[in-house]
Amino acid sequence: DAGVIQSPRHEVTEMGQEVTLRCKPISGHNSLFWYRQTMMRGLELLIYFNNNVPIDDSGMPEDRFSAKMPNASFSTLKIQPSEPRDSAVYFCASSFRGVNTGELFFGEGSRLTVL
Amino acid sequence: AQSVSQHNHHVILSEAASLELGCNYSYGGTVNLFWYVQYPGQHLQLLLKYFSGDPLVKGIKGFEAEFIKSKFSFNLRKPSVQWSDTAEYFCAVNARSDYKLSFGAGTTVTVRA
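Protein chains in written order, with our numbering: chain A, 5 to 119; chain B, 4 to 116.
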């Protein structure tokens, strides 16, 4: 069974450019999470979707960040315009929300470098 | 909201040594508990989890963790580490009724051959 699939694995871009990160969750999972990982701040939850609906976006840093989940098998995280401080590894994770929830399955991550 | 505290930021030990990583959480209700491992350059993978039942949980690669409810702790142990256990280890907690998984800051474990 394929795990969570993220693309691109690496992205190098210049300040001011638009960045779009993509995620395909595990089939059958109804919850999707976007995390950001940096040395300074560790793992931060950016946004959480349940059944394709954004439930909690309180972790989104600012208006430059947006996320969508148009269907159960696809989500995007967009940064426009990007800034050097956005450089990080962005992880997508999915789970099945039911009894005994919480176990997340992580993708390989998208390493973003903004010059 | 729950919070998670990991006691050690960086642990260095030799192969065959025993490992114990501390994890405490703050939440008064029923929780689910997890340990994740992140090998260098890789994504987080589940090591073990506790939902209910026997508080001593066995995971993959010889790891185990013990849930002590009275101490709000979920410490990770391995009796004899290998060089390949070099990684970052994250404790995570969520309230049974909540979706949000709270992660600790992580502990970097370096095993010297």
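The beta-carbon is built from N, C-alpha and C at its ideal position, and this holds for glycine as well.
Small disclaimer: the values here were computed from a predicted structure and weren't measured.
Cβ-based neighbour list, residue i, same chain, cut-off 7 Å, excluding 5 preceding and 5 following
i: residue 41 of chain A; result: 47, 92, 93, 95
i: residue 75 of chain B; result: 27, 28, 29
i: residue 85 of chain B; result: 18, 114
i: residue 92 of chain B; result: 24, 38, 40, 79, 109, 110, 112
i: residue 44 of chain B; result: none
Opposing strand residues paired with residue i [DSSP bridges]
i: residue 41 of chain B; result: B:47, B:91
i: residue 102 of chain B; result: Beta-bridge pairing links residue 102 of chain B to no other residue.
i: residue 48 of chain A; result: A:40
i: residue 15 of chain B; result: B:113
i: residue 9 of chain A; result: A:28
i: residue 60 of chain A; result: A:52
i: residue 10 of chain B; result: Residue 10 of chain B is not bridged to any residue.
i: residue 71 of chain B; result: B:76
Contacting residues, own chain, Cβ-Cβ under 6 Å from residue i (five flanking each side not counted)
i: residue 70 of chain A; result: 82
i: residue 62 of chain B; result: 50, 51
Per-residue contacts from residue i into chain B (C-beta, under 7 Å)
i: residue 35 of chain A; result: 102
Inter-residue spacing [alpha-carbon to alpha-carbon] between residue i and residue j
i: residue 29 of chain A; j: residue 77 of chain A; result: 6 Å
i: residue 61 of chain A; j: residue 106 of chain B; result: 17 Å
i: residue 23 of chain B; j: residue 77 of chain B; result: 11 Å
i: residue 18 of chain A; j: residue 117 of chain A; result: 8 Å
i: residue 65 of chain B; j: residue 21 of chain B; result: 11 Å
i: residue 46 of chain B; j: residue 113 of chain A; result: 6 Å
i: residue 44 of chain A; j: residue 109 of chain A; result: 23 Å
i: residue 99 of chain B; j: residue 34 of chain B; result: 5 Å
i: residue 22 of chain A; j: residue 89 of chain A; result: 14 Å
i: residue 54 of chain A; j: residue 94 of chain B; result: 23 Å
i: residue 66 of chain A; j: residue 58 of chain A; result: 16 Å
i: residue 79 of chain A; j: residue 14 of chain A; result: 17 Å
i: residue 101 of chain B; j: residue 8 of chain B; result: 19 Å
i: residue 25 of chain A; j: residue 81 of chain B; result: 37 Å
i: residue 68 of chain A; j: residue 11 of chain B; result: 35 Å
i: residue 15 of chain B; j: residue 83 of chain B; result: 13 Å
Contact with chain B by residue i, beta-carbon distance below 7 Å
i: residue 46 of chain A; result: yes
i: residue 26 of chain A; result: no
i: residue 107 of chain A; result: yes
Check: residue i C-beta below 6 Å from any heavy atom of the ligand MN
i: residue 58 of chain B; result: Of the ligands one can find in the structure shown there are none, so the ligand MN has no counterpart to examine.
Contact set for residue i: own chain, Cβ-Cβ below 8 Å, skip 5 residues either direction
i: residue 64 of chain A; result: 50, 51, 70, 71
i: residue 53 of chain B; result: 35, 36, 37, 60, 68, 70, 77
i: residue 32 of chain A; result: 100
i: residue 111 of chain A; result: 7, 8, 9, 10, 27, 95, 96, 97
Contacts that residue i makes with chain A (C-beta to C-beta distance below 7 Å)
i: residue 90 of chain B; result: Going along chain A, no residue has its Cβ under 7 Å from residue 90 of chain B, so there is no contact; the nearest lies around 14 Å.
i: residue 49 of chain B; result: 107
Contacts that residue i makes with chain A (C-beta to C-beta distance below 8 Å)
i: residue 46 of chain B; result: 95, 110, 111, 112, 113
i: residue 106 of chain B; result: 46, 47
Under 8 Å from the C-beta of residue i: neighbouring residues of chain B
i: residue 119 of chain A; result: Within 8 Å Cβ-Cβ: nothing; residue 119 of chain A doesn't reach chain B, min ~21 Å.
i: residue 87 of chain A; result: Result: empty, since nearest Cβ-Cβ is about 24 Å, beyond 8 Å.
Within chain A, partners of residue i - CB distance below 9 Å
i: residue 62 of chain B; result: Near residue 62 of chain B there are no residues of chain A at all, since even the closest Cβ is about 12 Å away, more than 9 Å.
i: residue 72 of chain B; result: Residues of chain A passing the Cβ test: none, with the nearest at roughly 17 Å.
i: residue 109 of chain B; result: 46, 47
Any C-beta of chain A under 7 Å from that of residue i
i: residue 52 of chain B; result: yes
Within chain B, the residues that residue i reaches when beta carbons sit closer than 9 Å
i: residue 101 of chain A; result: 102
Query raised in the report: Mind listing which residues of the segment 52-83 of chain A have their C-beta closer than 9 Å to chain C's C-betas, in chain order?
Result: Of the protein chains in this structure, namely A and B, none is chain C.
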